[in-house]
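Notes follow once the structure below has been shown.
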Amino acid sequence: MPIITYREALNHALREEMTRDERVLIFGEDVVAYGGAYGVTSGLVNDFGDKRVMDTPIAEGGIGGAAVGAAMGGLRPVAELMTINFALLASDAIINHAAKVLHMFGGQMSVPVVFRMTGGGGAQLASTHSQSLEVLFAHVPGLKVVTPATPADAKGLLKSAIRDNNPVLFIEHALLYRVRGEVPEGEYLIPLGQAEVKREGKDITLVAYSRMALVALEAADRLSQEGIEAEVVDLKTLRPLDMETVLTSVRKTNRAVTVEETWRTYGIGAEIASRIQEEAFDYLDAPIHRVAGVEVPLPYAKNLEQAAIPDAGRVVEAVKQLFVRTGV
Amino acid sequence: MEASTVAKIAGPGLDKKTLLNFLHQMLLIRKFEDKSGELYARGKIAGFLHLYNGQEASAVGAISTLAEHDLLITHYRDHGYAIARGLDLNRCMAELLGKATGIVKGHGGSMHFFDVSLGMLGGWAIVAGHLPLAVGLGLASNYLGKQQVVLCVFGDGATNNGYFHEALNMAKLWKVPVVFLCENNLYGMGTAVHRASATLEMSRKAAPHGIPAQRVDGMDVLAVREATTKAVEHARRGDGPFFLEVLTYRFRGHSMADPILYRDKAEVEEWKQRDPIVIFRQRLEKEGLLSPQEMEQIERETDELVVEAVRFAEESPDPPLTDLYKDIYADP
Chain A
651 MPIITYREAL NHALREEMTR DERVLIFGED VVAYGGAYGV TSGLVNDFGD KRVMDTPIAE
711 GGIGGAAVGA AMGGLRPVAE LMTINFALLA SDAIINHAAK VLHMFGGQMS VPVVFRMTGG
771 GGAQLASTHS QSLEVLFAHV PGLKVVTPAT PADAKGLLKS AIRDNNPVLF IEHALLYRVR
831 GEVPEGEYLI PLGQAEVKRE GKDITLVAYS RMALVALEAA DRLSQEGIEA EVVDLKTLRP
891 LDMETVLTSV RKTNRAVTVE ETWRTYGIGA EIASRIQEEA FDYLDAPIHR VAGVEVPLPY
951 AKNLEQAAIP DAGRVVEAVK QLFVRTGV
Chain B
-9 MEASTVAKIA GPGLDKKTLL NFLHQMLLIR KFEDKSGELY ARGKIAGFLH LYNGQEASAV
51 GAISTLAEHD LLITHYRDHG YAIARGLDLN RCMAELLGKA TGIVKGHGGS MHFFDVSLGM
111 LGGWAIVAGH LPLAVGLGLA SNYLGKQQVV LCVFGDGATN NGYFHEALNM AKLWKVPVVF
171 LCENNLYGMG TAVHRASATL EMSRKAAPHG IPAQRVDGMD VLAVREATTK AVEHARRGDG
231 PFFLEVLTYR FRGHSMADPI LYRDKAEVEE WKQRDPIVIF RQRLEKEGLL SPQEMEQIER
291 ETDELVVEAV RFAEESPDPP LTDLYKDIYA DP
């Protein structure tokens, strides 16, 4: 299998889906000549023309609404909002409209639209450009929220997102674009709403997604050297949430730690921990711990930013504490 | 012979049957709204209920210019547009009563009428939020070569919102076939237009975006029709968006929950002198196009339709509880 970057994998997914279905078009901020703020749409205009790859003004409300309208009009738009921080300006179209059309209008019409955006911190961009706001959108029934961690997942999930008949938020991570990995060639899809055991283990389950899935894998390697075999579950899709894979793992390992870049309060970890407690309480040998972003707006200074975002060291520490505390 | 009598009142394409149908539609909307208000007062209709009384000429005049395959997207005061577009009156009333037979199965209520088979794409309740959607619909029309014109209706209040300007700017850039129809009824909820808008002419707000615009008397169904005809032709030709400002007035409050403390009774009475239904009726009578018998027949037919709609709605079942979880996600 060829080894390509996360960015290239996304580009390939767009290219393949646009080739497959003429109703797929891309519009958004700087997607044409610039090739997208993170280079994902690079070169697409050369192959598909300016009718299918269109720049927009910096007007997220307009982009969001136009994407919903275009989907209602029979297209399958992929709208690039640049970053999740700007998606807040499009949240009327996403939350008030895209998420509601099918239900509020009595099932007459669904909205097959993909909103692509970058999320996460770690690039010293300060607090308005470093947010992990996926919880905000994952909270909303009617939306799907996808958070790929690897190039292969990025490609397979984006292809599925474009083919899905529902509004999908596709949240890429700013620090993953240059990450390389094996990606199958040609047609392959990864279903939305399916988590994956990315590393098998018997002692504890680490539940993570997006870049934190890679952090969890790194932590698992380190833990292994100390005799603890962690199983790593990558959620991949936050809504719909695949709890079965998480529960199956926890029933095997009897312990869980969640790892997320978002703030802890009301976060993904809170949801996962609660669901494990509801459905697998009898299997637990220890409380569920949460490793999460520090509850502050992200600072610019490198040392402060690093202190705010979870890393493998913090995950290892949390796991070890759990074992010490429960006397294993 | 009909043709000779028609020439005085309007241009080509307006025969007596069409004119009487306009009166019929306006009256039907008025009666539907009056009955809805009554049912609301009796507790049979809940939620927000924004009645359209006084603005009937706008919906009937504008919708009459659309082709069957054109699209319509409106704001929350949507009953008039829905009825003028031909949505099933029984199912509209059933929606207001929250019944399973409602036009959107009781999921949307008054503000969210929708019928994809008639190109009526809502009923949207966030002020100005649907304007960018109209741009997307127009984009799809151009992209797919469908030559669908999109009629996008909103109130004067929406023109002060950022979405309005984002939508107009993108509409012009993308040259989409959207007719932006602003119903200026002088109040955004309870705030008079001069307290909310730095300019009192909504049509001037199209100018910065290079979109041609026109103001029209919204109490005159034929004036609205004439202006919308031009606007629709402009869009259909591929010349891009057009902006219409329809000057009108709502006779009742913003919604049924509105105690109307913010405007003079004298002002309301003054506007009621210009009731679009009365004016049009008098005009038809004067031109010899409407006999007392014909008027009586229109009255009777519209009464019967509303009575039947209420009967249908009241006899319809509530949505089954199993509906609660339906239509959240479409099959992949």
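For the protein sequence lines, the chains are A and B, in the order given.
Numbering-wise (the numbering used here), the first sequence opens with residue 651 and increments by one.
Numbering-wise (the numbering used here), the second sequence opens with residue -9 and increments by one.
By construction, the Cβ of each residue, glycine as well, lies at the ideal position given by its N, Cα and C atoms.
The structure presented is a predicted model; accordingly, all values stated were derived computationally and were not measured.
Contact check for Q844 of chain A against D892 of chain A passes: the beta carbons are separated by less than 7 angstroms.
A contact between stretches requires three or more CB pairs, one per stretch, nearer than 8 angstroms, and the segment 706 to 715 of chain A fails this requirement with the segment 752 to 761 of chain A. Relative to the Cα of K21 of chain B, the nearest Cα in the group B:D313, B:N150, B:R290, B:Y319 belongs to B:R290.
Of the candidates A:L856, A:P707, A:N904, A:P707 places its Cα closest to the Cα of F736 of chain A. Within the segment 37 to 56 of chain B, no residue places its CB atom closer than 9 angstroms to a CB of chain A.
Interface annotation, F736 of chain A: not in contact with chain B, CB-CB separation never under 7 angstroms. In this structure F103 of chain B is buried. Its beta-carbon is surrounded by 16 or more other beta-carbon atoms within 10 angstroms. A distance of 7 angstroms or more separates the beta carbons of A663 of chain A and K886 of chain A.
Put simply, of A:I878, A:R861, A:E832 the residue whose alpha carbon is nearest the alpha carbon of E850 of chain A is A:I878. Residues of the segment 133 to 156 of chain B with a C-beta atom less than 7 angstroms from some C-beta of chain A are Y133, L134, G152, Y153, E156, listed in chain order. Under the rule that a run must span 3 or more residues, the beta strand (DSSP E) segments found entirely inside the segment 225 to 261 of chain B read 232 to 237. D697 of chain A and C142 of chain B have their C-alpha atoms spaced approximately 34 angstroms apart. DSSP, reduced to helix, strand and coil, places P727 of chain A within a strand of the structure shown. Looking at the DSSP output, M110 of chain B shares a beta bridge with B:L62, B:D105.
In the DSSP secondary-structure assignment, Y177 of chain B is bridged to B:A182. Distances from the CA of L731 of chain A to each of A:N746, A:V763, A:K750 were compared; the closest alpha carbon is that of A:V763. Of all residues in the segment 284 to 316 of chain B, only K316 place a beta-carbon less than 7 angstroms from a beta-carbon of chain A. For L18 of chain B, the uninterrupted alpha helix (DSSP H) segment begins and ends at 6 to 31. By the criterion of at least three beta-carbon pairs nearer than 8 angstroms, the segment 123 to 138 of chain B is not in contact with the segment 92 to 100 of chain B.
One alpha carbon belongs to R81 of chain B, the other to H753 of chain A, and they sit about 17 angstroms apart.
Taking 4 residues as the minimum length, the alpha helix (DSSP H) runs contained wholly in the segment 747 to 776 of chain A are 751 to 754, in order along the chain. The residue from A:S874, A:E837, A:L807 with its alpha-carbon nearest to that of R766 of chain A is A:L807. If you draw a straight line from the Cα of K262 of chain B to the Cα of N175 of chain B, it is about 13 angstroms long. Residue pairing by DSSP puts T733 of chain A in a beta bridge opposite A:T768. For I288 of chain B, the secondary structure class from DSSP, reduced to helix, strand or coil, is helix. For V681 of chain A, no beta strand (DSSP E) run applies, since DSSP gives it neither H nor E. For E672 of chain A, the secondary structure class from DSSP, reduced to helix, strand or coil, is coil. By the neighbour-count criterion, in which 16 or more other beta carbons inside 10 Å mark a residue as buried, L251 of chain B falls on the exposed side. One alpha carbon belongs to H184 of chain B, the other to E156 of chain B, and they sit about 22 angstroms apart. At least 7 angstroms separates the CB of M651 of chain A from every CB of chain B. Here Q287 of chain B is exposed: its Cβ has fewer than 16 other Cβ atoms, across all protein chains shown, within 10 Å.
Rounded to whole angstroms, the Cβ separation of V833 of chain A and I654 of chain A is 5 angstroms, and the two are in contact under 8 angstroms. Chain-order list of chain B residues neighbouring A951 of chain A: empty, with the shortest C-beta distance near 34 angstroms, by a criterion of under 9 angstroms. Note that the C-beta distance between E235 of chain B and C172 of chain B is below 7 angstroms. T908 of chain A places its beta carbon 7 angstroms or farther from that of V946 of chain A. Look at S760 of chain A: its C-beta is under 7 angstroms from a C-beta on chain B.
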